Amino acid sequence: MTLQGKIEHIALTDTGRVREHNEDAIGYDIDLGLFVLADGMGGYNAGEVASSIAVKTTVDLVQNTMPQDRRGDLDPHTGLMLQSITLRDAVRRANKIIHQTARSQEECAGMGTTIVSCLMYDNRLSVAHVGDSRLYRVRQNRFEQLTQDHSLLQELVDRGVVEREEAERKLKRNYVTRALGVEPDIEVAIMEVDAQPDDIFVLCSDGLSDMVEDDDIHLTISTFHTDLGMVGRQLVQLSNDNGGRDNVSVLMVRVLKPFPANRGLLSKVVNWFG
0 MTLQGKIEHI ALTDTGRVRE HNEDAIGYDI DLGLFVLADG MGGYNAGEVA
50 SSIAVKTTVD LVQNTMPQDR RGDLDPHTGL MLQSITLRDA VRRANKIIHQ
100 TARSQEECAG MGTTIVSCLM YDNRLSVAHV GDSRLYRVRQ NRFEQLTQDH
150 SLLQELVDRG VVEREEAERK LKRNYVTRAL GVEPDIEVAI MEVDAQPDDI
200 FVLCSDGLSD MVEDDDIHLT ISTFHTDLGM VGRQLVQLSN DNGGRDNVSV
250 LMVRVLKPFP ANRGLLSKVV NWFG
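In numbering that gives the first Met the number 0, the protein residues as written are 0 to 273.
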């Protein structure tokens, strides 16, 4: 099954106004409906190495190990689709490679990266993420953050220590509490969400979410929603206009048609005329 003609996408990344080089990385496979975004951190150029490893490893492993197109395949231990398990395991493998590289190469010591990724299958999205890069969804003009940040700010809010607005004022930056490459093993947050025609999914680094309010992201999408390319360019511009203190990356996907799993000859006939 290919998702060509069933989704459209835009991918943009920008260094911003302050940083000297771009430590974000993005990758995708339109046929599979696979989208990956990583935001690196570390010493000079090390963050770029970490994010590149994260994206390349995740994309390569999913491409090479994607389960067969059978709707009933579920992991017996978690109840998740095998596509979700495949994505989770690819991110875990990326973590090991980054960790080993950081330990074996002095110039990469201490590097790490966030990651947010999704794999589209059978009218659903498998989502795997670590850190504070985000996935949003716009459905019928409702804008919602699907992922939950692995950050000090989010932990303080979850514990009821402070309200979000107060935490954002007090914390000078959004300290990440979980990232790829820091430890030999990593807990990857996994979820599955449904996808409908006209849904727009937004993967982004914190260079967008820290610099542009959610309401302004939503307004930009609502204003230019017929042109994803325009939306992406406007979001990057907004981030830079607001100071551009970090690299900013945006991956956007719009669902054009349903993408059910193949179910034999009938499905093939439907796809021919779809």
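Every residue gets a Cβ at the ideal spot worked out from N, C-alpha and C, and that includes glycine.
Keep in mind the model is a prediction, meaning the values are calculated, not measured.
Roughly how many angstroms lie between the CA atoms of residue 154 and residue 104, to the nearest whole one? Residue numbering aside, residue 154 sits at position 155 when the sequence shown is read from its first letter. Residue numbering aside, residue 104 sits at position 105 when the sequence shown is read from its first letter. Separation of residue 154 and residue 104 (C-alpha to C-alpha, rounded to the nearest whole angstrom) is 32 Å.
Which residues share a DSSP beta bridge with residue 90? In the sequence shown, the residue the question calls residue 90 occupies position 91. Bridge pairing for residue 90: absent [DSSP].
Does the beta-carbon of residue 3 have 16 or more other beta-carbons within 10 angstroms, so that it is buried, or is it exposed? Within the sequence shown, residue 3 is the residue found at index 4, counting from 1. A residue is called buried once 16 or more other Cβ atoms fall within 10 Å of its Cβ, and residue 3, having fewer, is exposed.
What did DSSP end up calling residue 244 once you bin it into helix, strand or coil? Stepping through the sequence shown from its first residue, residue 244 is reached at position 245. Residue 244 falls in the coil class under three-state DSSP.
Length-filtered (3 minimum) beta strand (DSSP E) runs lying within the region 23-51: The region 23-51 contains these whole beta strand (DSSP E) runs: 23-28 and 33-40.
If contact is defined by three or more beta carbon pairs under 8 Å, each pair taking one atom from either stretch, is the region 173-185 in contact with the region 80-93? Between the region 80-93 and the region 173-185 there are three or more inter-stretch CB-CB distances shorter than 8 Å, so the stretches are counted as touching.
With DSSP as the reference, label residue 223 as helix, strand or coil. The residue you call residue 223 lines up with position 224 of the sequence shown. Residue 223 falls in the helix class under three-state DSSP.
Is residue 236 helix, strand or coil when you go by DSSP? The sequence position of residue 236 within the sequence shown is 237, counting from 1. Helix, per DSSP.
Rounded distance between the beta-carbons of residue 177 and residue 129, thought under 8 Å: Within the sequence shown, the letter at position 130 stands for residue 129. Within the sequence shown, the letter at position 178 stands for residue 177. The Cβ separation is near 5 Å, so the contact holds.
Smallest Cα separation from residue 140: which of 46, 25, 48 and 218? Here residue 140 is taken as the residue at index 141 of the sequence shown, counted from 1. Nearest to residue 140 by alpha-carbon distance, out of 46, 25, 48 and 218, is 218.
Just grab the DSSP bridge partners of residue 127 for me. In the sequence shown, residue 127 corresponds to position 128, counting from 1. Beta-bridge pairing links residue 127 to 116 and 189.
Got a sec, what are the start and stop residues for the beta strand (DSSP E) residue 144 sits in? Working through the sequence shown from its first residue, we reach residue 144 at position 145. 141-144 is the span of the beta strand (DSSP E), which, as asked, contains residue 144.
Cutting at 6 Å between CB atoms, please list the residues of its own chain near residue 257, excluding the five before and the five after it. Residue numbering aside, residue 257 sits at position 258 when the sequence shown is read from its first letter. Excluding residues within five positions, the ones whose Cβ falls inside 6 Å are 122.
Under 8 Å, do residue 202 and residue 250 count as touching if we go by C-beta distance? Stepping through the sequence shown from its first residue, residue 202 is reached at position 203. Stepping through the sequence shown from its first residue, residue 250 is reached at position 251. Taking the C-beta atoms as reference points, residue 250 is found nearer than 8 Å to residue 202.
With distances taken between CB atoms, is the gap from residue 135 to residue 151 smaller than 8 Å? On the sequence shown, residue 135 is found 136 positions in, with the first residue counted as 1. On the sequence shown, residue 151 is found 152 positions in, with the first residue counted as 1. No, the pair does not count as a contact, with Cβ atoms beyond the cut-off.
Touch test, the region 29-42 against the region 104-115, Cβ-Cβ under 8 Å, three pairs minimum: Cβ pair count under 8 Å is three or more, so yes.
Take the Cβ of residue 53 as the centre, count every other Cβ of all protein chains shown within 10 Å, and call the residue buried at 16 or more, exposed below. The sequence position of residue 53 within the sequence shown is 54, counting from 1. Flag for residue 53 reads buried.
Can you tell me which residues form a DSSP beta bridge with residue 150? In the sequence shown, counting from the first residue as 1, residue 150 sits at position 151. Looking at the DSSP assignment, residue 150 forms a beta bridge with 175.
Beta-carbon proximity list for residue 82, same chain, < 7 Å, skipping 5 on both sides: For the purposes of this step, residue 82 is taken as residue 83 along the sequence shown, with counting starting at 1. Here the set comprises 66, 118, 120 and 125.
Which term fits residue 212, buried or exposed, when burial requires 16 or more other beta carbons within 10 angstroms of its beta carbon? Within the sequence shown, the letter at position 213 stands for residue 212. So residue 212 counts as exposed.
Where does the unbroken alpha helix (DSSP H) through residue 255 begin, and where does it stop? What you label residue 255 is simply residue 256 of the sequence shown in a count that begins at 1. For residue 255, there is no enclosing alpha helix (DSSP H), as DSSP gives it neither H nor E.
List the whole-angstrom C-beta distance separating residue 64 from residue 30, where the pair is believed to meet the contact cut-off of C-beta under 8 Å. To locate residue 64, count along the sequence shown from 1; it is residue 65. To locate residue 30, count along the sequence shown from 1; it is residue 31. With a Cβ gap of about 15 Å, residue 64 and residue 30 do not count as contacting.
Taking the C-alpha atoms as reference points, what is the distance between residue 235 and residue 207? If you number the sequence shown from 1, residue 235 lands on position 236. If you number the sequence shown from 1, residue 207 lands on position 208. Note on geometry: alpha-carbon atoms of residue 235 and residue 207 lie some 7 Å from one another.
Residue 138 versus residue 96: straight-line alpha-carbon distance, rounded: Start at 1 with the first residue of the sequence shown, and residue 138 comes out as number 139. Start at 1 with the first residue of the sequence shown, and residue 96 comes out as number 97. Each residue's Cα considered, the two are about 37 Å apart.
Would you report the Cα separation of residue 204 and residue 73, rounded to the nearest angstrom? By one-based count along the sequence shown, residue 204 stands at place 205. By one-based count along the sequence shown, residue 73 stands at place 74. Between the alpha carbons of residue 204 and residue 73 lies a distance of about 31 Å.
To the nearest angstrom, report how far apart residue 255 and residue 228 are at their CA atoms. Here residue 255 corresponds to residue number 256 of the sequence shown, with the count starting at 1. Here residue 228 corresponds to residue number 229 of the sequence shown, with the count starting at 1. Rounded to whole angstroms, residue 255 and residue 228 show a C-alpha spacing of 15 Å.
Please classify residue 158: is it buried, with 16 or more other beta-carbons within 10 angstroms of its beta-carbon, or exposed? Residue mapping note: residue 158 aligns to position 159 of the sequence shown, counting from 1. By the 16-neighbour rule on beta-carbons within 10 angstroms, residue 158 is exposed.
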